[in-house]
Amino acid sequence: MNAPGALVGLVAASGLLLILLACTPSAAPHRVRPSGSGPTARQVAGSLLASLVAFTIALAVTALLVVAVVAGVAAGAAPFFLRRRRATAAETAVREAWPDVIDDLLSSVRAGLSLPEAVAALGVSGPVPLRPSFSRFADQHRASAAFDDALDALQADLADPVADRVCAALRLAREVGGTDLGAVLAALSSVLREDGRIRREVAARQSWTVTAARLAVAAPWITLALLCSRPEAVRAYSTTAGTAVLALAALLSVAAYAAMRRIGRLPADVRVAA
Numbered sequence: 014m015n016a017p018g019a020l021v022g023l024v025a026a027s028g029l030l031l032i033l034l035a036c037t038p039s040a041a042p043h044r045v046r047p048s049g050s051g052p053t054a055r056q057v058a059g060s061l062l063a064s065l066v067a068f069t070i071a072l073a074v075t076a077l078l079v080v081a082v083v084a085g086v087a088a089g090a091a092p093f094f095l096r097r098r099r100a101t102a103a104e105t106a107v108r109e110a111w112p113d114v115i116d117d118l119l120s121s122v123r124a125g126l127s128l129p130e131a132v133a134a135l136g137v138s139g140p141v142p143l144r145p146s147f148s149r150f151a152d153q154h155r156a157s158a159a160f161d162d163a164l165d166a167l168q169a170d171l172a173d174p175v176a177d178r179v180c181a182a183l184r185l186a187r188e189v190g191g192t193d194l195g196a197v198l199a200a201l202s203s204v205l206r207e208d209g210r211i212r213r214e215v216a217a218r219q220s221w222t223v224t225a226a227r228l229a230v231a232a233p234w235i236t237l238a239l240l241c242s243r244p245e246a247v248r249a250y251s252t253t254a255g256t257a258v259l260a261l262a263a264l265l266s267v268a269a270y271a272a273m274r275r276i277g278r279l280p281a282d283v284r285v286a287a
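Under the working numbering, the first residue of the sequence shown is numbered 14, with each subsequent residue one higher.
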């Protein structure tokens, strides 16, 4: 086995191992957090190693520096895309859990529990992604017996536009009480379910366009990788003109993908209260 081949194999094996470690979620208990939290040191290290591995392999296979740089940048961004996808999936799960939260509240109130008791019970019987936040609400309410203060802490803990609407509805339900409480909760559950249905429908239709755009960006580079198996193609792209063409193509690919992401982005809910 020659030295360059051994080096490429060693770098590839080490990098793939660290990529897997970086992309594997930790075993820490789930807690609802805003999606803007920064990456961890392990994820940054995994991204750097992924970039190094892809750069090394692409350079060894194609002997084209521009192609190696593009491969390194794409591989380095992959862990962050995976992290963003997991965060989006977690946010979707939380959003879809809110109608069940309202239904549980409605059932508890109809069973004779007070509104603070019904909210606290969600820490045990509510949807799994939201249980820790409601457990902390229960602890604070038991300690202070102040429903509004505990609800403020819950709202800050969840830091979510839907949570703002739910907490506002709970305050309203607390104030009106009586027979109007069930009507307020039932109306809120209906609104949240309809909103979730519309978002799922729009996302399903959008996914076809997004997938097609990704394929359109990736296809020329896959074709280039296949062409690089022929020595004459490598010699052509090794010239100054060939390098300039590849660099321009890389810039256009990044710009087109960024534009596609911006145009196809669903509007995010804005928090109406803090």
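Heads up, the beta-carbon is just placed ideally off N, CA and C, and yes, glycines get one too.
Tell whether a beta-carbon distance below 8 Å holds between Pro140 and Val114.
Yes, these two residues count as a Cβ contact at 8 Å.
Compute the Euclidean distance between the alpha carbons of Leu183 and Pro92, then round it to the nearest angstrom.
Approximately 39 Å, taken between the alpha carbons.
State the start and end residues of the unbroken alpha helix (DSSP H) segment that holds Ser148.
From DSSP, the alpha helix (DSSP H) with Ser148 extends over Arg144 to Ser157.
Determine the contact status of Ala88 and Ala81, defining contact as a CB-CB distance below 8 Å.
Contact: no.
For Leu119, which residues in the same chain have their Cβ closer than 8 Å to its Cβ, ignoring the five residues on either side in sequence?
Gly195, Leu198, Ala199 and Ser202.
So, Ala260 versus Val79, is the Cβ gap smaller than 8 Å?
In this structure, Val79 lies closer than 8 Å to Ala260 by Cβ.
Pull up the distance between the alpha-carbon of Asp208 and that of Ala151, whole angstroms please.
Distance between the alpha carbons of Asp208 and Ala151: 28 Å.
Short of 7 Å in beta carbon distance, which residues of its chain neighbour Leu164, apart from the five on each side in sequence? Order them along the chain.
Cys180, Leu183 and Arg184, listed in sequence order.
Please report the residue range of the alpha helix (DSSP H) in which Gly255 lies.
Element bounds for Gly255: Thr253 to Ile276.
Would you report the Cα separation of Arg206 and Pro112, rounded to the nearest angstrom?
Whole-angstrom Cα-Cα distance: 6 Å.
May I have the straight-line CA-CA distance separating Asp116 from Val175, to the nearest angstrom?
Their backbone Cα atoms lie some 15 Å apart in a straight line.
Going along the chain, which residues of its own chain have a beta-carbon closer than 8 Å to the beta-carbon of Tyr270, five neighbours each way excluded?
Taken in chain order, the residues that qualify are Ala226, Arg227 and Val230.
Within 10 Å of its beta-carbon, does Ser157 have 16 or more other beta-carbons around it, so buried, or fewer, so exposed?
With fewer than 16 other Cβ atoms within 10 Å, it is exposed.
Along the chain, which unbroken stretches of the alpha helix (DSSP H) at least 4 residues long are found entirely within the region 57-139?
List check, alpha helix (DSSP H) in window: 78-123 and 128-138.
Ser220: buried (16+ other C-beta within 10 angstroms of its C-beta) or exposed?
With fewer than 16 other Cβ atoms within 10 Å, it is exposed.
Check this for me: beta carbons of Leu126 and Ser146, under 8 Å apart or not?
No. Outside cutoff.
Leaving out five residues on either side along the sequence, give the residues of the same chain with a beta carbon under 7 Å from the beta carbon of Arg96.
Within the same chain, Arg96 has close Cβ partners Pro52 and Gln56.
Going by Cα to Cα distance, which pick from Arg275, Asp170 and Ala159 is closest to Ser148?
Checked all of Arg275, Asp170 and Ala159; the closest Cα to Ser148 is Asp170.
Between the Cα of Ala10 and the Cα atoms of Glu104, Val132 and Leu279, which residue gives the shortest distance?
With the chain covering 14 to 287 only, the question about residue 10 has no answer from this structure.
State the CB to CB distance for the pair Val66 and Trp234, rounded to an integer number of angstroms; the pair is presumed to be in contact (CB under 8 Å).
Rounded, the Cβ-Cβ distance is 17 Å, inconsistent with contact.
DSSP three-state call for Asp173: helix, strand or coil?
It is coil, neither helix nor strand.
What separation, rounded to the nearest whole angstrom, lies between the Cα atoms of Gly277 and Glu130?
Gly277 and Glu130: Cα-Cα distance of roughly 42 Å.
Arg108: which of Thr252, Arg155 and Asp177 sits nearest, CA to CA?
Cα-wise, what sits closest to Arg108 is Asp177.
Distance, Cα to Cα, Glu188 vs Arg98?
Straight-line Cα distance between these residues: approximately 40 Å.
If I follow the unbroken alpha helix (DSSP H) through Pro244, where does it start and stop?
Segment Pro244 to Tyr250, the alpha helix (DSSP H) holding Pro244.
Under the three-state reduction of DSSP, which class applies to Cys180: helix, strand or coil?
Residue state, collapsed to three classes: helix.
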